[in-house]
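First the structure, in the form of structure tokens, and then the observations on it.
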DNA sequence: TTTCCAAAGTGACCTAAGTCACTGTCATTC
DNA sequence: GAATGACAGTGACTTAGGTCACTTTGGAAA
């Protein structure tokens, strides 16, 4: 087993554009926290006390409906920050979404008490924060476009393409009912649509995984 | 006709929590711009050169589908800033949404060149920006909740309640087809649902307006 | 090998909501 | 006052997609 990367390694490799002083502060004050696969990182109603920079693993952000439905929004990957944790932390508000580690994940926890100074002192931090917001905002806009303007089959195609892109693999290890959950649909519908896509040659279906061909 | 409020009036009354220095900068560097009812303030693909603080009127933000459908997101009112104009302006990116004045509207245009210094110098500005983001983010989350978890009649109720709340009147001057547009539905469906709501006593229907009773 | 269970396939059915094709009804202007 | 056009009401029909009630299948555990 190889040596664990240190906080310094993570900061240097994932946030190369940060000013040296900023990196130094993050390294000194950040706290590395580990999450198991399946562990909740943020829950509706929870009060955040730190901003999280993801340095390893994969985090799934989703909205939870009144009846417990999940609705997938986007993934966070190493190098990303949780926009919501930034807002909630800064404003001392509670979170409105759920964040779950889908793989073993490590996050660099930045205490909220630092936010003010970081924002003021380091231009690269302030740009990073704005960039984070912008990206997530646009991600949400895309989500809205999809659910309001597109039909299920289009949304499914988009979803699979996104999985392919985000997880960087053609072998999508996901069950039909997980997809149905993410899209807030039902398994049967997804199965039927997937079959059609298979007939069209977009993918091939297997037990427990889908080969995305397009 | 009464005297036009000056930029100073607007800033003092709408942004009382801003630091004196910040107010001064805004007053000196901000440019008051007038928009007619129906005029576009921001369009998909447009490159923003300023951030906008709304000081008078009402602005409707909506998403446009490929086929030209509109999908209502939220209103901006005096005292609000356009979160998107902030992001787009700062990052020199193009906007992804449409903003249209629904009433004669005035906006204080803040050149993007100021953003960096404002952010750095004035804590109240940086809080204001974050607050703006957070609010709009949550507004989008609510939109997502509605379209993904709710049926048309629930969405319609929510829409009317929001109109009532945002526009602060029980007399909603809006046609059925405008509502249909905003919700990306069709007039007939909205008419039918409205009729049901009338039967339930939630509202009463009239030509060109709806009395919201609840 | 058998057993067991999660994952997936499938037909029948239901329902919300979109579409079509009208009719009716105010309000303005000519 | 007739005509026009925007707004609204309504029935008939279509369709995507959700639901139900099964069956089938593959792989892991026993």
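Residue numbers (the numbering used here), protein chains in the order written: chain B, 144 to 357; chain Z, 144 to 357.
Glycine included, every Cβ here is placed at the ideal spot set by N, Cα and C.
Check: C-alpha distance - residue 167 (chain B) paired with residue 177 (chain B), whole-angstrom precision; Outcome: 21 Å
Check: Cβ shell of residue 303 (chain B) (< 6 Å), same chain only, five flanking positions each side left out; Outcome: 355
Check: Min CB distance residue 302 (chain B) to chain Z below 8 Å; Outcome: no
Check: Cutoff 8 Å: residue 209 (chain Z) Cβ touching any chain B Cβ; Outcome: yes
Check: Backbone secondary structure at residue 309 (chain Z) - three-state DSSP; Outcome: helix
Check: Contact between the region 277-289 of chain Z and the region 206-219 of chain B (3+ Cβ pairs under 8 Å); Outcome: yes
Check: Meets three-Cβ-pair contact criterion under 8 Å: the region 259-268 of chain B and the region 294-313 of chain B; Outcome: no
Check: From B:269, B:310 and B:299, residue whose alpha carbon lies closest to that of residue 325 (chain B); Outcome: B:299
Check: Residue 194 (chain B), enclosing beta strand (DSSP E) - first and last residue; Outcome: 193-199
Check: Whole-angstrom distance between residue 340 (chain Z) and residue 296 (chain Z), CA atom to CA atom; Outcome: 9 Å
Check: Within 8 Å, strictly: CB atoms of residue 315 (chain B) and residue 253 (chain B); Outcome: no
Check: Rounded distance between the beta-carbons of residue 214 (chain Z) and residue 291 (chain B), thought under 8 Å; Outcome: 5 Å
Check: Segment limits, alpha helix (DSSP H) that includes residue 332 (chain Z); Outcome: 330-343
Check: Residue 277 (chain B) at chain Z interface by Cβ criterion, 8 Å; Outcome: yes
Check: Beta-ladder partner(s) of residue 260 (chain B), from DSSP; Outcome: DSSP lists no partner for residue 260 (chain B).
Check: Contact check, residue 246 (chain Z) vs residue 221 (chain Z), beta carbons under 8 Å; Outcome: no
Check: Burial state of residue 348 (chain B) (16 or more Cβ within 10 Å); Outcome: exposed
Check: Contact with chain B by residue 291 (chain Z), beta-carbon distance below 8 Å; Outcome: yes
Check: Cα-Cα separation between residue 115 (chain B) and residue 195 (chain B), rounded to whole angstroms; Outcome: This structure cannot speak to residue 115 (chain B), because chain B is shown only from 144 to 357.
Check: Residue of Z:165, Z:163, Z:162 and Z:174 minimising C-alpha distance to residue 149 (chain Z); Outcome: Z:174
Check: Nearest-angstrom beta carbon gap, residue 275 (chain Z) and residue 229 (chain Z) [assumed within contact, 8 Å]; Outcome: 7 Å
Check: Sheet register partners of residue 175 (chain B) (DSSP bridge); Outcome: B:251
Check: 9 Å Cβ cut-off: residues of chain Z touching residue 161 (chain B); Outcome: Correct list: empty, because the minimum Cβ distance to chain Z is about 16 Å.
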